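Right, one structure below, let's go through it.
There are 2 protein chains.
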Amino acid sequence: MTTADEVIEVARRSRSAAIGLARLPRAKKDAALQAMADALVAATDDVLKANADDLARGRDNGMAEGMLDRLALDEKRVAAMADGLRQVAGLPDPVGEVVRGSTLPNGLQLRQVRVPLGVVGIIYEARPNVTVDAAGLCIKSGNAVLLRGSSSARSSNAALVDVLAAAGSAAGLPDYAVQLVPGVDHESTKHLMRARGHVDVLIPRGGAGLIRSVVEESTVPVIETGVGNCHVYVDADADLDMALDITINAKVQRPSVCNAAETLLVHRAVADEFLPRVLAALHDNGVTVHGDDAVTKAASAHDVGGVVPVTDDDWAAEYNSLDLAVGVVDSLDDAIGHIRRWGSGHTEAIVTRSLDASQAFVLGLDSAAVMVNASTRFTDGEQFGFGAEIGISTQKLHARGPMGLPELTSTTWVVHGDGHVRS
Amino acid sequence: MTTADEVIEVARRSRSAAIGLARLPRAKKDAALQAMADALVAATDDVLKANADDLARGRDNGMAEGMLDRLALDEKRVAAMADGLRQVAGLPDPVGEVVRGSTLPNGLQLRQVRVPLGVVGIIYEARPNVTVDAAGLCIKSGNAVLLRGSSSARSSNAALVDVLAAAGSAAGLPDYAVQLVPGVDHESTKHLMRARGHVDVLIPRGGAGLIRSVVEESTVPVIETGVGNCHVYVDADADLDMALDITINAKVQRPSVCNAAETLLVHRAVADEFLPRVLAALHDNGVTVHGDDAVTKAASAHDVGGVVPVTDDDWAAEYNSLDLAVGVVDSLDDAIGHIRRWGSGHTEAIVTRSLDASQAFVLGLDSAAVMVNASTRFTDGEQFGFGAEIGISTQKLHARGPMGLPELTSTTWVVHGDGHVRS
Chain A
493 MTTADEVIEV ARRSRSAAIG LARLPRAKKD AALQAMADAL VAATDDVLKA NADDLARGRD
553 NGMAEGMLDR LALDEKRVAA MADGLRQVAG LPDPVGEVVR GSTLPNGLQL RQVRVPLGVV
613 GIIYEARPNV TVDAAGLCIK SGNAVLLRGS SSARSSNAAL VDVLAAAGSA AGLPDYAVQL
673 VPGVDHESTK HLMRARGHVD VLIPRGGAGL IRSVVEESTV PVIETGVGNC HVYVDADADL
733 DMALDITINA KVQRPSVCNA AETLLVHRAV ADEFLPRVLA ALHDNGVTVH GDDAVTKAAS
793 AHDVGGVVPV TDDDWAAEYN SLDLAVGVVD SLDDAIGHIR RWGSGHTEAI VTRSLDASQA
853 FVLGLDSAAV MVNASTRFTD GEQFGFGAEI GISTQKLHAR GPMGLPELTS TTWVVHGDGH
913 VRS
Chain B
493 MTTADEVIEV ARRSRSAAIG LARLPRAKKD AALQAMADAL VAATDDVLKA NADDLARGRD
553 NGMAEGMLDR LALDEKRVAA MADGLRQVAG LPDPVGEVVR GSTLPNGLQL RQVRVPLGVV
613 GIIYEARPNV TVDAAGLCIK SGNAVLLRGS SSARSSNAAL VDVLAAAGSA AGLPDYAVQL
673 VPGVDHESTK HLMRARGHVD VLIPRGGAGL IRSVVEESTV PVIETGVGNC HVYVDADADL
733 DMALDITINA KVQRPSVCNA AETLLVHRAV ADEFLPRVLA ALHDNGVTVH GDDAVTKAAS
793 AHDVGGVVPV TDDDWAAEYN SLDLAVGVVD SLDDAIGHIR RWGSGHTEAI VTRSLDASQA
853 FVLGLDSAAV MVNASTRFTD GEQFGFGAEI GISTQKLHAR GPMGLPELTS TTWVVHGDGH
913 VRS
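As given, the protein sequences belong to chains A and B, one line each in that order.
Using the working numbering, read the first sequence as starting at 493 and increasing by one per residue.
Using the working numbering, read the second sequence as starting at 493 and increasing by one per residue.
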């Protein structure tokens, strides 16, 4: 069983690395990221061997095919991880950016400057690419990273961190800039979550259960990410062709991700015209519709595929699959009320030609992102032009929506005086 | 004993108020703040009557004189609270500010817009003026506020909230915009701290013990405020007259507050010259010096007052009194190491004429504010020109240093497209 002392000891090393990292100029961090990318490609065989161990253990433990696929690496996936590091090297350095500044009437000169957070802990599930992505983003933003991956990926993660840490140190990063949390038992995670003062922030990446448990148990500040019960609302004034395209794109283009739509709400005024079309298109795309009474009637009247009766669990669900809850609402306000009640505050889209409706929808909701006449799938760091993303925050503190490099920083006030004292 | 249901019920009312508050334009919020200020002055007698009950109970319970003074209200203090509300009315509204924006290559139009946090919980100790200050800042930033004051101020707080809530509602604020958390027992606080989803952020204001317990127990996101073990470092290249002024100001001008200095570190190169002067001045100002060996020797050699031997507890202490830990360090790096080990990350000051030293000090530390040739006492929302302050954050997420109105907001991404879908 992993002890608190073991975890704290490793976190202390991260802290010493963080102090050095905070002072590194961009050029050195970028050179290290390039060296890490090269080393990763050179070590492909070792990484794949370690990954084969994980896969064999997964199969022995009866891991589902989908999970095995997420866990599996090949030459191409390793190369893609290395490319990710090179891409991060090309992004601007957030550290040192002056966010605000002024000279006060008494002559004091104020600057609010971006600084690294310090030690960033990441708790994540199966996919080993997160190991490399998170390490790259943390290094670039001047943070030491403490990685707590899934036990099912432990051999892959250990091999990846070995390569990254050695290459980073050789290229001039402080030692211990990239570390794994010791242990793969629950105690290991627990001690990480209680390491307040040693770890500056924890970012959980994974399913709703993982995120909830981190939020509940952690005394280290947490950035909650990723649970997405996203809605598309088709307004009375919608362009129905556009509504059809957006609905299908939001649901079908990549159903496993957090910015995919999970619920479609249709204004009653256009339900008779829109429902037969959208139900047929959803059916053609293999989507299982969980519908309310109006939807069920429309489906049977127009013979456009079976509808499963919707339940409260469906309205609350983040399916991450080819399922969609569909309902008819009497008004824009009802749509807003429904989303406020059942949504997770991730992304909601309205399709409308009405300026009033679009503004009421934006003002009435309380989500990280609101799309007007665009697919929910656009809530994404790369799509927003951030170049990379550590996750999508659904909480309101610190960062909300896609988190890029600036969201991995804090700020400090630097104040210059000339002997100023308060009177 | 207060039940979870009672607290949640009140928080739900706050949520309904928050939805209305988020849409209120500045003019309506300002008018309500002015009306609340007028009502407060008009209700002075009632407020003072309630305050007398608190004071009587405090005396019966043997409350210390200092605490009684913090609790006591008079006509002037009530008028000052009302003036505070009027001052907040005069500040710019952070809600609706566009923080960032761009048009993506595909034509999507992105705006990141400030929105209220929603429901803000404040847990605080004796002083009833916090009730009015916090209510004013939360209303101005479009948030509903849930106040959990000290049980010793319960009558004063109830009277103040009655006045504010009634005047606010009459002036057009949604009902329940300003509420007290029901109950004055520990259960009441506990349920507030577990009301994740109902309360968006908790801000504890008070002593280290209160803040630690909130940080440990809360599942609602917390902004840690105010523990200040602030340092003044007198460098080898310091102007010693300036160093003397800054040290005395930082320690003596208002010792009870979080930005007062608690430790003085003196470079060995100037210790012989500076220590006799600063020790004499500290002594003249009634300061008890907790010194290391070098300080003790200097004091006795120059007969400038007694020195209490310093302990590790002193280096860690936030005295909030006329006590000061004083030590001699061999180098700037030793000063940085000392501050990193013992500091609370609030504010540190360096006195130096050396540009190199000032830059090394700024880069080497990890505090909310670093002063170069200025007193630590300047870390303050009013001093920084924010107009008002809800507290001083010593954590790294969301806000760091003095928190004004923008720090009481989150952001949302508003994205406009023209039928955009992802390919």
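Using N, Cα and C, we set each Cβ at its ideal position, and we do this for glycine too.
Fair warning: this is a prediction, and the values are worked out from it, not measured in the lab.
- Comparing C-alpha distances from serine 643 of chain A to each of A:Lys632, A:Glu679, A:Val802, A:Ala626 shows the shortest one belongs to A:Glu679.
- DSSP, reduced to helix, strand and coil, places threonine 595 of chain A within a strand of the structure shown.
- In this structure, the straight-line span from the alpha carbon of alanine 790 of chain B to that of valine 781 of chain B is close to 12 Å.
- Residue burial is scored here from C-beta neighbours: proline 597 of chain B has fewer than 16 other C-beta atoms within 10 angstroms and is therefore classed as exposed.
- For leucine 816 of chain B, no alpha helix (DSSP H) run applies; the uninterrupted beta strand (DSSP E) run containing it begins and ends at 815 to 821, by DSSP.
- The CB of phenylalanine 766 of chain A never comes closer than 7 Å to any CB in chain B; the least such distance is about 15 Å.
- The beta carbons of lysine 888 of chain B and glycine 883 of chain A sit no closer together than 8 Å.
- Not a single CB atom of chain A sits nearer than 8 Å to the CB of glutamine 579 of chain B.
- Within the same chain, Cβ atoms closer than 7 Å to the Cβ of threonine 536 of chain B are found at Glu567, Val570, the five residues on either side in sequence being excluded.
- In the three-state reduction of the DSSP assignment, isoleucine 615 of chain B falls in the strand class.
- Look at aspartate 858 of chain B: its C-beta is under 8 Å from a C-beta on chain A.
- With 16 or more other CB atoms across the displayed protein chains lying within 10 angstroms of its CB, proline 586 of chain A is buried.
- Among the bridge pairs identified by DSSP, cysteine 750 of chain B is matched with none.
- Cα atoms of glycine 660 of chain A and alanine 524 of chain A: separation of roughly 5 Å, rounded to the nearest angstrom.
- Residues of chain B whose Cβ lies closer than 8 Å to the Cβ of threonine 788 of chain A do not exist, since the nearest Cβ in that chain is about 27 Å away.
- Tryptophan 807 of chain A and alanine 827 of chain A have their C-alpha atoms roughly 12 Å apart.
- Distance from the CA atom of arginine 832 of chain B to the CA atom of alanine 700 of chain B, rounded to whole angstroms, is 18 Å.
- Around the CB of glutamate 754 of chain A, 16 or more other CB atoms lie within 10 Å, so the residue is classed as buried.
- Under a criterion of Cβ atoms nearer than 8 Å, no residue of chain A is adjacent to histidine 683 of chain B; the nearest Cβ is some 15 Å distant.
- Flagged as an interface residue toward chain A: glutamine 745 of chain B, by a C-beta distance shorter than 8 Å.
- By the 16-neighbour rule on beta-carbons within 10 angstroms, arginine 551 of chain B is exposed.
- Here the alpha carbons of glycine 593 of chain A and isoleucine 615 of chain A stand approximately 36 Å from one another.
- The residue among A:Gly634, A:Ala763, A:Gly588, A:Arg845 with its C-alpha nearest the C-alpha of valine 854 of chain B is A:Gly588.
- Given a length threshold of 4 residues, each whole run of the alpha helix (DSSP H) inside the segment 759 to 805 of chain B is given here in chain order: 760 to 776, 785 to 794.
- At least one C-beta of chain B is nearer than 8 Å to the C-beta of arginine 914 of chain A.
- Per DSSP, the beta bridge partners of tryptophan 905 of chain B are A:Ala861, B:Gln604.
- Within the segment 667 to 682 of chain B, contact with chain A at the beta-carbon level (separation under 8 Å) is assigned to no residue.
- Valine 913 of chain A carries a coil assignment under DSSP once its states are collapsed to helix, strand and coil.
- The beta carbons of asparagine 751 of chain A and serine 648 of chain A sit no closer together than 8 Å.
- In this structure, threonine 903 of chain B and glutamine 526 of chain B do not form a Cβ contact; the two beta carbons are roughly 28 Å apart against a cut-off of 8 Å.
- Glutamate 840 of chain A sits in a strand when the DSSP states are folded into three classes.
- A check of alpha carbon separations from arginine 760 of chain A across A:Asp825, A:Glu810, A:Val799 identifies A:Asp825 as the nearest.
- Beta-carbon to beta-carbon, asparagine 621 of chain A and methionine 573 of chain A are separated by about 5 Å, close enough to satisfy the 8 Å threshold.
- Here DSSP, grouped into helix, strand and coil, assigns methionine 895 of chain A to strand.
- Each of A:Val637, A:Ala866, A:Ala534 was checked against the Cα of alanine 503 of chain A, and the nearest Cα belongs to A:Val637.
- Fewer than three beta-carbon pairs drawn from the segment 653 to 667 of chain A and the segment 691 to 706 of chain A are found closer than 8 Å, and the two stretches are therefore not classed as touching.
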